[in-house]
Amino acid sequence: SIIPGAGHMYLGYQKKGLIIMGGFFFTIFFMGWLNISLFLFVLPLIWFYSFFDVLHSVNGTDVKEHRINLEFLKIKPEWIGIGLIIIGILIILERILYPLIPYEIRNYIQTSIVALIFIIGGIKLLAKNKKVVDGEVHERCKKDE
Numbered sequence: 003s004i005i006p007g008a009g010h011m012y013l014g015y016q017k018k019g020l021i022i023m024g025g026f027f028f029t030i031f032f033m034g035w036l037n038i039s040l041f042l043f044v045l046p047l048i049w050f051y052s053f054f055d056v057l058h059s060v061n062g063t064d065v066k067e068h069r070i071n072l073e074f075l076k077i078k079p080e081w082i083g084i085g086l087i088i089i090g091i092l093i094i095l096e097r098i099l100y101p102l103i104p105y106e107i108r109n110y111i112q113t114s115i116v117a118l119i120f121i122i123g124g125i126k127l128l129a130k131n132k133k134v135v136d137g138e139v140h141e142r143c144k145k146d147e
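If you want it as structure tokens, here you go:
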């Protein structure tokens, strides 16, 4: 369907459809109200998730999986609190501090932040992969003994 969540509602999954539709339109409202285009990437994610989830539901996905998906949406309050703090910091940066910084420097800061996120993400992936490899080597050594 064109509107995320409408397909779920049509198939009888009103609660899941309402959650997806609410998230989609809240994101649009939030971006327009605060004039922040930072969260624009969320809209295609919600739309494609909704589209393919409805497609799988039509093809015969079990109702148990929908219960599991709804359980996944129950987020811990700590994560919501962390998210609200991060959003608040981003709003302060964009509305108060960024106008005080010249455009050239602001552009370098944004590029540097993205580069740091990529570097940190790569390091975490490598560290996680190394732990898995070390665990496999340790298990092989135990089997050989």
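Just so we're aligned: the sequence shown equals residues 3 to 147 in my numbering.
Glycine is no exception: its CB is placed at the ideal position from the N, C-alpha and C atoms.
Secondary structure of residue i, DSSP reduced to three states
i   : result
L20 : helix
L99 : helix
P6  : coil
P79 : helix
Of the residues the options, the one placed nearest residue i, counting alpha carbons only
i   : options                  : result
L57 : G9, V44, L102 and G34    : G9
L42 : T29, Y51, S52 and F50    : T29
L13 : N37, I48 and N61         : N61
N37 : K130, L92, R108 and I125 : L92
Test: residue i CB closer than 9 Å to a CB of chain D
i    : result
R108 : Absent from the structure is chain D; it holds one protein chain and no more.
Beta-carbon spacing of residue i, residue j below 9 Å
i    : j   : result
L45  : F31 : no
P104 : S52 : no
G19  : M11 : yes
Y15  : S59 : yes
I169 : I48 : One cannot answer for residue 169 here, as it falls past the ends of the chain, which runs 3 to 147.
Inset, instruction - Identify every run of the alpha helix (DSSP H) within the stretch 15-62, keeping only runs that are complete inside it and at least 4 residues long; order them along the chain. - result: Within the stretch 15-62, the complete alpha helix (DSSP H) segments at least 4 residues long are 16-36 and 44-60, listed from N- to C-terminus.
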